[in-house]
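Protein sequence lines correspond, in order, to chains A and B.
So in the numbering used here, spot 241 of the first sequence is number 241, and the numbers just go up one at a time.
Each number in the numbering used here comes from the position in the second sequence (counting from 1) with 1000 added on.
Worksheet for the structure shown next.
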Amino acid sequence: MAIPEEEEEQLKNQTPNTDTDEEEEDELFNGDDDEFDDDDDDEEELEIEDSSPRSHKARMENLFRRISTEGVPLRVHDVIIKGNTKTKESIIESELESLRDATTVQGLLQAASIANSRLNRLDIFDSVNITLDSGPPELPGTTNVVVEVVELKNPLTGDFGIFSKPEARSWSLEGSLKLKNLFGYGDLWDGSLTYGWDQTSEVSAGVALPRLKGWWAPVMTRVSLLSQDWMKFSSYKERALGISLGLISTRNHELASTFSWRTLTDPSQMASRDVRRQLGHGLLSSLKYTFKIDKRNSPLRPTSGYAFVSTSHIGGLVPDYRALRTIRQEFDLRYSLPLGFYHAAINVGVAAGVVFPWGNGALNTPSYLPERFFLGGNSSPVCTLGGPTTLLGFKSRGLGPTQPRRRQVGENGAAAENSEDSSSERDYLGGDLAVTAFADLSFDLPLRVFREAGIHGHLFGCAGNLTKLTENAFRYLSFQSFRDSFRSSAGFGIIVPTKLFRMEVNYCYVLKQLEHDRGKTGVQFSFSAPL
Amino acid sequence: MDDTGELTLVARKPSFGLPTSCPQCLPVYIYLKFAKIPFTLSFNLVYPDSDQIPYVESGTNVAYNNEKGGVIEGLKKAGIVDLDSEASALPEWISMTALASSWLGDAIMYDLWLNSDGSSARKIYYDDLPWPIGKILYFKQVNFTKQLLGLTRENSERREEEIYRRAEIAYSSLSTSLGDQQFLFGNRPTSLDAVFLGHALFALHALPETSVLRSKLLEHSNLVNYAEKLKVEFIDNSSPSSSIPPLHTGGGGPSNWSSKPKTKPKKEKTEEEKKFKRRTKYFLVTQLVAVLVFLSLLGGSEVDVDEDDGDDDHDYDD
């Protein structure tokens, strides 16, 4: 198995300089301490007999050369865990499995640093130290691994921040409390409260377990109550009380199961017909699988690499036929091509998504309103990876199928005189099929002060379309009509990344929009969370 | 509303042999039938706790139940239909209407939610919601009804007695007022007829046989005959065009007060349920197999570690 590049570099870069304390040495060898017995003939290659600096240096050089070029045999005899008063040993041992399989010094070093990072990633220790001690004298070529952990002094941490999520149209305040390792199983409990400017609020609590009875992946479960206010765009408010269970969460794969009770209400009683029909309660029991590969060099300003995300969401996985039954599939493909001057790069991306109900009578049933696709908003398409959501130049939920709202009726029964069919009197219903594409050329600005601050410019072009498929609408959809109804926009702007947020100032020109779309040509600001 | 577009009445689902089994929706249905206006009947099955239902749509105009005194008032004000143009000036008519809507309305609410085993309420409102939601909403509604009727642990008996006594008074005065006439006031139906007929049909068909209110109503034979006759004339004989999701209608014999709730639709529903359960079982098993196959494929190799820090990138692939 090839050593990862960084590992190899680390190993090669370690100079046997006894004057400076290298962290790697400290961790793995405990440097200058007499961890290695002089009279241990098993550890001959690691012994430091001569105390003179030059010979010591020569020996260390020799040692490291041998380690990096040859497979010096060494195996683990015993793993000793120290410092865990609350944490169960099984949790620590499960992160050290790779150590026992190591057969050479190289392999052991790798495994030790991996185990170190895994233990740190559990987020329940203040510090982790892995040292290699000499094995028992009667067993040659063995070592004892000593894992010393310092548990968190204060298991309770709090967090407070201001974020902007791509799907929300404004900022949100988020406060969270985390309680770590309450029961010693590496359990992480957290509660968070999020409040958005647009009256979106979410209260949630969750627990994450790194190991659950032999299940190889961490398990997370979360209970949340989310309220979202879409009154301005679609005349409904959504409240979702749900419990979700994260079954698999790795770099590339994520599988989660969710049960959620959703309620759609319309306090204003002005909703359009289609929205009125969907008001009420529903149970969405679903399985969501996300496959993600992100080989770009940066998620915020990628200049090379590619990324692909596929999300599959199936709802209705309960024997109860009354639960919401829906299938949703999204794809997102990105590619970045560096241009070699001014740190410029071309980013292109295409995303598509489809949602459809399933089950008896699915062809005549509309798709569930909150599960539909909505396009629009100011968030940058380069940074938001995961399905068709943004189209610069159009307001949030600003395009796609619409329907007139309830007509205002005056006191005497006559229709109100104002706003017959202006777009503010229409509900944006979202669509069942969404496709977006963008191309973005980013480049450094000529002035050095901008370059150093990370401020760069970009030219972009976006296109997208959103259409309905359900209730037999797909029969009237043709490739030609879909292609002809694509909306598009283009523009340029400046991106200013700061510590608190990432700001984009764009001038957007809407090239094509249809009747009732809310595209706006002009200067737009968008804020997003910095990474 | 000056639209001359088609009317749509959105109500709760039909059952117990009634075109819509919700006691708030039935009077509106009957009112439109009295007015002989063509309309489409549509159902909302997932919003039992809404006070917006029933509502009538006509194009982009809507008359909600919780606005302007109700749907019937809304229809009057919009100029669509007004059956009360003559009667509404009569003080007796006004007081009868108040009696029917408040006292009888309270009695129906009490009997349906608080003085029965809840089977009728569940069938009308919660049958189409998944079980946990239906159960929680049912209990919420029971509590809400208690608050609305001003019931507490101390006064519950007294209030119950008062509610039924008032219902009895209302029945007696309506019975006296009706006599042998076809309608309660004059020779044309008014909204009072719609309200009372809706109440009576609900009490006779949807409430269980053990219901106190039902037995009180059965004591007034002229009211029972009135309800039976008008049901045959305006509801059973005319066929409403309805756009509903596939549902059994719970239809059966026209007027057999002592008959049990129809068993035939129940049988169909059980069969449909069984079919669904079987299909869903197959689907779930397939999903499980797919997940297991996926896990075994991925579980053969070490897992990619998901790094949150992003600083040291330790990939351990086999």
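The beta-carbon is built from N, C-alpha and C at its ideal position, and this holds for glycine as well.
| Check | Outcome |
| --- | --- |
| Buried or exposed (CB count within 10 angstroms, at least 16 for buried), B/Ile1169 | exposed |
| Nonlocal neighbours in the same chain, by C-beta distance under 6 Å from A/Gly519, ignoring five residues either side | Gly393, Phe394, Val510 and Gln513 |
| Classification of B/Val1285 by the beta-carbon crowding that lies within 10 angstroms, buried from 16 upward | exposed |
| As assigned by DSSP and simplified to three states, the class of B/Pro1091 | helix |
| Three-state secondary structure (DSSP) of A/Trp261 | strand |
| For A/Arg190, three-class secondary structure by DSSP | Contrary to the premise, residue 190 of chain A reads as Asp rather than Arg in this sequence. It is a strand residue. |
| Among A/Ile248, A/Gln278 and A/Ser304, the one whose alpha carbon lies nearest that of A/Ser287 | As written in the sequence, residue 287 of chain A is Leu, which differs from the Ser given in the question. Checking every option, the nearest Cα to that of A/Leu287 belongs to A/Ile248. |
| is_contact[B/Phe1276, chain A] using C-beta, thresh 9 Å | yes |
| Below-9 Å beta-carbon distance, A/Tyr509 vs any chain B residue | no |
| Three or more C-beta pairs below 8 Å linking the segment 310-328 of chain A and the segment 351-364 of chain A | yes |
| Closest residue to A/Phe527 among A/Ala437, A/Gly135, A/Ser379 and A/Val223 (Cα-Cα distance) | A/Ser379 |
| Minimum length 4: unbroken alpha helix (DSSP H) runs contained in the segment 72-139 of chain A | 89-94, 97-100 and 105-121 |
| Continuous alpha helix (DSSP H) stretch holding A/Met503: start and end | Note, A/Met503: premise wrong, no alpha helix (DSSP H); beta strand (DSSP E) at Arg502 to Lys512. |
| Alpha carbon of A/Ala307 to alpha carbon of A/Thr436, nearest angstrom | 16 Å |
| Inter-residue Cα distance where the pair is A/Arg405 and B/Tyr1055 | 15 Å |
| Distance, B/Glu1073 Cα to A/Gln524 Cα | 48 Å |
| A/Leu287: CB within 8 Å of a non-hydrogen atom of the ligand FAD | By its list of ligands, the structure shown contains no ligand whatsoever, and the ligand FAD lies outside what it can speak to. |
| Below-9 Å beta-carbon distance, A/Ala102 vs any chain B residue | no |
| Own chain, CB closer than 8 Å to B/Val967, minus 5 neighbours either side, in chain order | The structure shown does not extend to residue 967 of chain B, since chain B spans only 1001 to 1318, so no value can be given for it. |
| Validate contact between the segment 230-240 of chain A and the segment 264-281 of chain A using beta carbons, cut 8 Å, 3 pairs | yes |
| Three-state secondary structure (DSSP) of B/Ala1078 | coil |
| At least three beta-carbon pairs within less than 8 Å, the segment 438-447 of chain A to the segment 339-352 of chain A | yes |
| Rounded straight-line distance, which links the Cα of A/Leu108 to that of A/Thr69 | 14 Å |
| Alpha carbon of A/Ala434 to alpha carbon of A/Gly282, nearest angstrom | 24 Å |
| Chain B residues whose Cβ lies nearer than 7 Å to that of A/Asp187 | Going along chain B, no residue has its Cβ under 7 Å from A/Asp187, so there is no contact; the nearest lies around 17 Å. |
| Closer than 9 Å at the beta carbon, the chain B residues around A/Ala323 | Pro1130 |
| Where B/Tyr1055 sits in the DSSP three-state scheme | strand |
| C-alpha distance - B/Thr1280 paired with A/Pro218, whole-angstrom precision | 29 Å |
| Neighbour flag for B/Phe1283 against chain A, beta carbons, 9 Å | yes |
| Proximal residues of chain A, C-beta to C-beta of B/Thr1286 below 7 Å | Result: empty, since nearest Cβ-Cβ is about 11 Å, beyond 7 Å. |
| Per-residue DSSP class, three states only, for B/Leu1192 | helix |
| Own chain, CB closer than 8 Å to A/Pro302, minus 5 neighbours either side, in chain order | Arg296, Arg334, Ser336, Ala345, Asn347 and Val382 |
| Assigned secondary structure, B/Lys1123 (DSSP; H/G/I helix, E/B strand, else coil) | helix |
| Opening and closing residue of the beta strand (DSSP E) in which A/Gln228 lies | Val219 to Asp229 |
| Candidates A/Phe482, A/Phe438 and A/Gly493: closest to A/Gly457 by CA position | A/Gly493 |
| Span of the alpha helix (DSSP H), counted from its first residue to its last, around B/Gln1029 | Sequence check: residue 1029 of chain B is Tyr here, not Gln. Where B/Tyr1029 is concerned, the enclosing alpha helix (DSSP H) stretches over Cys1025 to Phe1034. |
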